[in-house]
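In my numbering, the protein residues as written are 789 to 920. C-beta atoms are modelled at their ideal positions from N, C-alpha and C, and glycine is treated no differently. What follows is a single structure, written as structure tokens, with notes after it.
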């Protein structure tokens, strides 16, 4: 599995960036089970000129399965979902720590920065009234 981290610094000891698109680096970590196989840092090619969709495509081209950042907008989340990359957001801390949490199943899902949508979880309980 390949996990991409939006990062402020290079390498696995870097700090997660609070925003997915506006970060200088992406750190790609290849893991097999809980074993880190390989770490690769690439500079963000769109750091200076942020274009919607460009970074998700870049991350997908690097064959990442998961992307982790401090936050991302709803458009970025839907781009990733369309490209088959799982977006995850979490509080910024060291990448090594986040990786550990992720591999132990403590991290899940993405909250979009612009207000999380929690509608749609209500009103699905259809009560069946039997009128005899």
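CB-CB length for residue 812 against residue 835, believed under 8 Å: About 6 Å separates the two Cβ atoms, so the contact holds.
Simplified DSSP assignment, three categories, for residue 875: For residue 875, the secondary structure class from DSSP, reduced to helix, strand or coil, is strand.
CB contact flag (residue 856, residue 878, <8 Å): Closer than 8 Å, so yes.
Separation of residue 870 from residue 795, as counted between CA atoms: Residue 795 and residue 870 have their C-alpha atoms some 23 Å from each other.
Range covered by the beta strand (DSSP E) that runs through residue 830: First-last of the beta strand (DSSP E) with residue 830: 823-831.
Beta strand (DSSP E) runs wholly inside the segment 791-860, at least 3 long, in chain order: Listed in chain order, the beta strand (DSSP E) runs fully inside the segment 791-860 are 813-820, 823-831, 854-857, counting runs of at least 3 residues.
Residue 832 burial status per 10 Å Cβ neighbour count (16 or more: buried): Classification of residue 832: buried, given that the 10 Å Cβ count is 16 or more.
Proximity below 8 Å, CB of residue 865 to CB of residue 898: In this structure, residue 898 lies closer than 8 Å to residue 865 by Cβ.
Residue 882 - partner residues in DSSP beta bridges: According to DSSP, residue 882 bridges with 803.
CA nearest to the CA of residue 880, picked from 872, 803, 808: Ranking the options by Cα distance to residue 880, first place goes to 803.
Three-state secondary structure (DSSP) of residue 898: Coil at residue 898, not helix or strand.
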